[in-house]
Amino acid sequence: MERHGVKVPAGEPATNFDEAKAAIAKLFDGGNARVVVKSQIHAGGRGKGTFKDGFQGGVHLADSVEDATAKAEAMLGNVLVTKQTGEAGKQVNRLLITSAEEIKSEFYVAVLLDRALGKPIVMASAEGGMDIEEVAEKSPEKIIKEVIDPALGLQPHQGRKVAIALGLRGRLIGQTARLLQALYKTWHECDGSMLEINPLALIVNEDGTEAVVALDAKMSIDDNSLFRHPDIVAMRDISEEDPLEVEAAGHDLNYIKLDGNIACLVNGAGLAMATMDAIKHYGGDPANFLDVGGGATKAQVKAAFEIIVGDPNVQAILVNIFGGIMNCNTIAEGIVAAVKETHLTLPLVVRLEGNNVDAGRATLAASGLTLITADSLAEGAKKSVAAVK
Amino acid sequence: MSILVKPETKFLVQGITGGFGGRHAQLSLDYGSQLVAGVTPGKGGQMFADTVPVFDSVAEAMAETGATASAIFVPPPFAADAILEGAAAGLDLVVCITEGIPVRDMISVKDALKDSSTILLGPNCPGVVTPGDGKDSSGGCRIGIAPGYIHKKGNIGVVSRSGTLTYEAVWQLTSRGVGQSTCVGIGGDPVPGMTHLDVLKLFNDDPETTGIIMIGEIGGTAEEEAAAWAKTHCTKPIAGFIAGATAPPGRRMGHAGAIVSGGKGTAEAKQDAFREAGIGVAETPSEMADTLLKMM
């Protein structure tokens, strides 16, 4: 953001204690009376979070080198639990240490896609620091929206309009407009899905003048664009991701881990979602979303089984394949090989339909495996739910 | 009648010399569709499957063969340009199969096409099929990657964001002896060309379509918009299914557009919109065809 011209507080990231000490020293030596020590994890609600050892808060103000150092030490390597991390929490492997600003008021701004329009929008609210979803729900009139013409980008007059709507006056209007233009440029050039500044703060400088600064940001990048952003790919932190999901991605499988105990293996994203829904409909709980795609190979099917059984919660597996172009017999052979090679002992329900389905069913029947077969998705879902009861 | 394409619609394939494009071009030929040209810049003059000439540009292919529609199979970094080339050449219909096009590219494409007469279907979609009256519906128009043989010529229109769920619905209909007028996959991306609403309007105006299956999924509000229109304008029975009721918020479920974000785009909201509009909601995907047939 800084590279694109967004004003942010001075500061540096730290991935170990020595780096943290150096960053703290640099800020205090540079004349800052106070600094902020922030946990950097891929989850919100950090300020109100609690560390596993009882230490309160993932974001702290510190007014001396000693104070900042003690807080950095307490946070680095510790596991932070927030309302977004779940009970397991996230280990803090990285801190951001910045100058502390004197905040007069806080705003919310974001750049995102409005899907109904197919255009980017700037969304803003004077209720900064708040949960924006809550603001949108309870007082939608407080949300300011400005639609961006994709051919022109965010224009200065649009930025000024948002600034004025936020209640800013004088030279802050132009300054905020420039900051919003820089934010849009960041979003556009980095292929952002969502760029959220919360809070955007009106701060008072030491000389008494006021300025608008992005104090905290969350940005998500469009996965489809990564081929043209090697610099962003280099910033990927695998420790923030689920290990099974990382492994699945390595096999070109689309896997998302969930909390239930019935695993599913499906071709097609829509059908995979619908399979999870059917399991739930008949009283079960899906353990995952897994789309093996339209042209899954035997090796991918095997990898899929290994990933599924890598989740200790799984007690049954439902395979749901509609072989449109894919030959059902090829899939059946892949399933048989995978089950034998992974020594699968869990109940396995298979629903095959489509191209060459009779040969596929014959292959499954002749395999000697104890499979539960189903003729429809509904029947498959019912049988998988019964298998874990 | 049918919508978008007829059995005699002549079309070309952009990216016909690639593995994926070539495979599905062959399947369209096998189905008996009027695939008349391929386009791969730099490979003009070659022949595909001994019968289909390959051209360097869409404009050339159209001039030589009379093609009016296209299927795009080119890789994501070049797909937006391929769509714009098809529109610039004046195709009636561009069907983009490619999955993985950056959203930013599609925002630009959508903006560029706003005053164009070219209709875009997709991207990240299975394409469109108007079944024929030959064996296993052959002789129809198959543009894209859907399995042709599951179809049957008839009077039900199918529109969906998901490929395999479309096949499920089509197969359920065909297995019950009920045929389809046209089956349209609009694709799973957040910035698509045609929407549910666009396709619904065409089905409503098509005298041969007597009932509609509309399949949606989490993310965005396109299903709600279609339902709101259908409530007052659509004269034909509609049954629907929404996938993703169990998807966790904030996670993309395979399709780039299948995400509940900021509390928007939930399956529940879409199902409510369907019910409010008198659209029959299938409780499970196994009941899509039966839900519609009970209404007819």
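Each protein sequence line maps, in turn, to chains A and B.
Counting with our numbering, you get residues 1 to 389 for the letters of the first sequence.
Counting with our numbering, you get residues 1001 to 1296 for the letters of the second sequence.
Positions of the beta carbon are idealized from the N, C-alpha and C atoms, including for glycine.
When you compare the CB positions of residue i and residue j, do they come within less than 8 Å of one another, or not?
i	j	result
D285/A	V266/A	no
G58/A	G44/A	no
V309/A	T275/A	no
T373/A	L364/A	yes
N1155/B	T1210/B	yes
A1273/B	A1228/B	yes
I197/A	V109/A	yes
V1129/B	R1142/B	yes
N288/A	L377/A	no
Which residues in the same chain as residue i place their Cβ atom closer than 8 Å to its Cβ, once the five residues preceding and following it in sequence are excluded?
i	result
D1092/B	T1068, A1069, S1117, T1118 and I1119
R1275/B	V1281
Y184/A	V111, P120, V122, I148, G153 and L154
V385/A	I262, I279, Y282, G283 and G284
I221/A	C190, D191, G192, S193, H229 and I232
A1087/B	V1094, A1112, L1113, S1116, T1118 and L1120
G294/A	N267, G268, G324, I325 and M326
V1054/B	I1016, T1017, A1037, G1038, V1039, T1040, K1043, G1044, G1045, Q1046, M1047 and F1048
Are the C-beta atoms of residue i and some chain A residue less than 8 Å apart?
i	result
G1090/B	no
D1081/B	no
E1251/B	Note that residue 1251/B corresponds to Arg in the displayed sequence, not to Glu. Yes, because at least one Cβ of chain A sits closer than 8 Å to the Cβ of R1251/B.
A1227/B	no
R1104/B	yes
Y1031/B	no
I1101/B	yes
S1286/B	yes
P1077/B	yes
Between the Cα of residue i and the Cα atoms of the options, which residue gives the shortest distance?
i	options	result
I1097/B	I1107/B, V1074/B, E1085/B and N1204/B	V1074/B
Q300/A	P243/A, L96/A, I317/A and N254/A	N254/A
P1102/B	P1237/B, P1190/B and I1218/B	P1190/B
G1262/B	V246/A, V135/A and N16/A	V135/A
T297/A	N329/A, A381/A and L172/A	N329/A
N32/A	D63/A, F51/A and T15/A	D63/A
K218/A	D242/A, S193/A, E210/A and E206/A	S193/A
I325/A	E146/A, T342/A, A22/A and G354/A	G354/A
I238/A	V8/A, K26/A, K90/A and A365/A	K90/A
A165/A	A151/A, Q175/A and K145/A	K145/A
C1183/B	L1012/B, S1175/B, K1153/B and T1065/B	K1153/B
A248/A	K7/A, I307/A and G368/A	I307/A
F1203/B	Q1180/B, D1056/B and A1080/B	Q1180/B
A366/A	L346/A, K389/A, A332/A and G380/A	A332/A
K1236/B	P1192/B, R1251/B and I1213/B	I1213/B
Q1026/B	F1078/B, E1099/B, V1052/B and K1270/B	V1052/B
G128/A	P243/A, L113/A, F107/A and E137/A	F107/A
I1279/B	I1215/B, L1004/B and T1246/B	I1215/B
Among the residues of its own chain, which have a CB less than 7 Å from the CB of residue i, if the five just before and after it don't count?
i	result
P1126/B	G1144, I1145, A1146, G1163, T1166 and G1185
G1244/B	E1217, I1218, M1253, A1258 and A1267
E1008/B	Q1034
V204/A	E102, K104 and E210
Does any CB atom of chain B fall closer than 8 Å to the CB of residue i?
i	result
H281/A	yes
I394/A	Residue coverage of chain A in this structure runs from 1 to 389, which leaves residue 394/A outside it and unanswerable.
A136/A	yes
F51/A	no
S376/A	yes
P199/A	no
E133/A	yes
I394/A	Because residue 394/A is not part of the residues shown, which for chain A are 1 to 389, the question remains open.
P286/A	yes
D291/A	yes
In its own chain, which residues sit with a C-beta less than 6 Å from the C-beta of residue i, not counting the 5 before and 5 after it?
i	result
T98/A	P9, G11 and V36
A1059/B	A1089
L348/A	I317 and L371
V79/A	K52, G89 and Q91
P1249/B	V1260
H60/A	V37 and K71
Between the segment 260–279 of chain A and chain B, which residues of the former have CB atoms less than 7 Å from a CB of the latter, in chain order? Listed by position, the residues of the segment 260–279 of chain A near chain B (Cβ gap below 7 Å) are N267, G268, A269, G270, L271, A272, M273, A274, M276, D277 and A278.
Output needed in chain order: residues of the segment 103–129 of chain A with a Cβ under 8 Å from some Cβ in chain B. Answer set for the segment 103–129 of chain A: L113, R115, A116, G118, K119 and P120.
Chain A contacts made by the segment 1120–1149 of chain B, where a contact means CB separation under 8 Å: I1145, A1146, P1147 and Y1149
Residues within the segment 231–250 of chain A neighbouring chain B, beta-carbon criterion of under 9 Å: none
Tell me which residues of the segment 353–373 of chain A have at least one Cβ-Cβ distance to chain B shorter than 9 Å, keeping chain order. E353, G354 and N355
Mind checking the segment 1192–1220 of chain B against chain A and listing, in chain order, the residues whose C-beta falls within less than 8 Å of any C-beta there? Within the segment 1192–1220 of chain B, the residues whose Cβ lies closer than 8 Å to some Cβ of chain A are I1215, E1217, I1218, G1219 and G1220, listed in chain order.
May I ask you to list, following chain order, the residues of the segment 212–227 of chain A that have a beta carbon less than 7 Å from some beta carbon of chain B? D222, N224, S225 and F227
Residues, ordered as in the chain, of the segment 147–167 of chain A that lie near chain B by beta-carbon distance below 9 Å: D149, P150 and A151
The segment 178–192 of chain A: which residues have C-beta closer than 8 Å to a C-beta of chain B, in chain order? H188 and D191
Along the segment 317–348 of chain A, what residues have a CB closer than 7 Å to any CB found in chain B? F322, G324 and I325
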